[in-house]
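Asks: Once you've had a glance at the structure underneath, I'll fire off some questions.
In my numbering, the protein residues as written are 9 to 252.
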């Protein structure tokens, strides 16, 4: 496409732009609904339908979005094409403004995007104006001649979850689990330890002084027995000698 060429008479540049608004919440809310109306409070209907534009034209429309779901809702818009891509998609500009945000791009970029343009958060029981502007620049060339562009604007919303919201707490551990978690020492192996038998009484230390235990007869008793046997033997020998 070339720019700067002499423009043909404006009457011959008659692109037709069709635009309608549809409310299509993407999230299921426990209660309430999302409502889309025109600025007069009626159904949004069709906007920019069969609109003839010449280079330099600007057309705008406003809708009102409200919700009574009981919680804040994140509001956005997306665009659904109803015509084949053409030069008008490249030349015309589309902008949307609302909830403190503004987005502007070529009509083709807006129609090619599958993701919503998120504008902001709308509290429950409140409303916000969304402004849509379609502009065909003065430098639009002859390639836009007799072109048509049709598309829908779909208002979408989802429940707003603030960043950093902690997840719900899980049930607390039982006292046993809490105590176990505080004790860093491992539990004893049941195969190597057992409770003591209450029927078994502890045995006293046979030698509390630390001496070696005596495992045989007393040494003094053995000496006494040996001396007695020796004396008896000597007496027997003497008696035998006397008899002889």
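The C-beta atom is built at its ideal place from N, Cα and C for all residues, glycine as well. Only a predicted model underlies this, so the values are computations on that prediction, with no experimental measurement involved.
Let me know the secondary structure DSSP gives residue 240 once reduced to three states.
Replies: Residue 240 sits at position 232 when you count from the first residue of the chain shown. If DSSP states are grouped into helix, strand and coil, residue 240 belongs with the helices.
Asks: In angstroms with no decimal places, state the Cα-to-Cα distance between residue 141 and residue 64.
Replies: The residue you call residue 141 lines up with position 133 of the chain shown. The residue you call residue 64 lines up with position 56 of the chain shown. Cα to Cα, residue 141 sits roughly 13 Å from residue 64.
Asks: Buried or exposed for residue 164, going by 16 or more other Cβ atoms inside 10 Å?
Replies: Residue numbering aside, residue 164 sits at position 156 when the chain shown is read from its first letter. Its Cβ being crowded by 16 or more others within 10 Å, residue 164 is buried.
Asks: What residue does the beta strand (DSSP E) around residue 128 start on, and which one ends it?
Replies: Along the chain shown, one-based indexing puts residue 128 at 120. 125–130 is the span of the beta strand (DSSP E), which, as asked, contains residue 128.
Asks: Could you check which residue in 154, 68 and 116 has the C-alpha nearest to that of residue 138?
Replies: As a first step, residue 138 must be located in the chain shown, where it is residue number 130. Nearest of 154, 68 and 116 to residue 138, Cα basis: 68.
Asks: Does the distance from the C-beta atom of residue 99 to that of residue 43 stay below 9 Å?
Replies: The residue you call residue 99 lines up with position 91 of the chain shown. The residue you call residue 43 lines up with position 35 of the chain shown. Cβ atoms of residue 99 and residue 43: not closer than 9 Å.
Asks: Kindly indicate which residue of 166, 112 and 85 has the alpha-carbon position closest to the one of residue 127.
Replies: Along the chain shown, one-based indexing puts residue 127 at 119. The candidate whose alpha carbon is nearest that of residue 127 is 85.
Asks: Looking at the strands, I want to know which residues DSSP matches up with residue 72.
Replies: Indexing the chain shown from 1 puts residue 72 at position 64. Answer is 45 and 137.
Asks: Quick check: what's the CA-CA separation for residue 61 versus residue 71?
Replies: Numbered from its first residue, the chain shown carries residue 61 at position 53. Numbered from its first residue, the chain shown carries residue 71 at position 63. Each residue's alpha carbon lies about 21 Å from the other.
Asks: Which value, in whole angstroms, describes the spacing of the CA atoms of residue 161 and residue 50?
Replies: Counting from one through the chain shown, the residue named residue 161 turns up at place 153. Counting from one through the chain shown, the residue named residue 50 turns up at place 42. Roughly 17 Å between the two C-alpha positions.
Asks: If residue 114 sits next to residue 156, beta carbons under 8 Å apart, how far is it from one beta carbon to the other, in whole angstroms?
Replies: Translated into the one-based positions of the chain shown, residue 114 becomes position 106. Translated into the one-based positions of the chain shown, residue 156 becomes position 148. Wrong, their Cβ atoms sit about 16 Å apart, outside the cutoff.
Asks: Hey, would you say residue 112 sits closer than 9 Å to residue 101, going by beta carbons?
Replies: The residue labelled residue 112 in the question sits at position 104 within the chain shown. The residue labelled residue 101 in the question sits at position 93 within the chain shown. Yes, the Cβ-Cβ distance between residue 112 and residue 101 is below 9 Å.
Asks: Whose C-alpha, out of 108, 94, 75 and 131, is nearest the C-alpha of residue 149?
Replies: As a working mapping, residue 149 is identified with position 141 in the chain shown. The shortest Cα separation from residue 149 among 108, 94, 75 and 131 belongs to 94.
Asks: Output the distance between the C-alpha atoms of residue 105 and residue 132, rounded to the nearest integer angstrom.
Replies: One-based indexing of the chain shown puts residue 105 at position 97. One-based indexing of the chain shown puts residue 132 at position 124. If I take the Cα positions, the gap works out to 20 Å.
Asks: In angstroms, rounded to a whole number, what distance separates the CA positions of residue 135 and residue 79?
Replies: Working through the chain shown from its first residue, we reach residue 135 at position 127. Working through the chain shown from its first residue, we reach residue 79 at position 71. Cα to Cα, residue 135 sits roughly 13 Å from residue 79.
Asks: If we call anything under 9 Å between Cβ atoms a contact, is residue 119 one with residue 143?
Replies: Within the chain shown, numbered from 1, the residue matching residue 119 stands at position 111. Within the chain shown, numbered from 1, the residue matching residue 143 stands at position 135. Not a contact, by the Cβ cut-off of 9 Å.
Asks: Would the beta-carbon of residue 41 fall within 9 Å of that of residue 77?
Replies: Locating residue 41 in the chain shown gives position 33, counting from the first residue. Locating residue 77 in the chain shown gives position 69, counting from the first residue. It is a contact, given that the beta carbons lie within the stated cut-off.
Asks: Determine the DSSP secondary structure at residue 101, reduced to helix, strand or coil.
Replies: As a first step, residue 101 must be located in the chain shown, where it is residue number 93. The answer is strand: DSSP assigns residue 101 an E or B state.
Asks: Can you give the beta carbon distance from residue 159 to residue 45, rounded, assuming they're within the 8 Å contact cut?
Replies: Sequence index remark: in the chain shown, residue 159 carries index 151 (1-based). Sequence index remark: in the chain shown, residue 45 carries index 37 (1-based). Contact doesn't hold; Cβ gap of about 20 Å is too wide.
Asks: Just to confirm my understanding: we take residue 168, look at its own chain, exclude 5 residues before and 5 after, and list those with CB closer than 8 Å. What are they?
Replies: Walking along the chain shown from the start, residue 168 turns up at place 160. The answer, listed in chain order, is 79, 80, 81, 82 and 129.
Asks: By DSSP, does residue 259 sit in helix, in strand, or in coil?
Replies: For residue 259 there is no data in the structure shown, the boundaries of the chain being 9 and 252.
Asks: What is the residue span of the beta strand (DSSP E) that residue 88 lies within?
Replies: Here residue 88 corresponds to residue number 80 of the chain shown, with the count starting at 1. Run containing residue 88: 81–89, per the beta strand (DSSP E) assignment.
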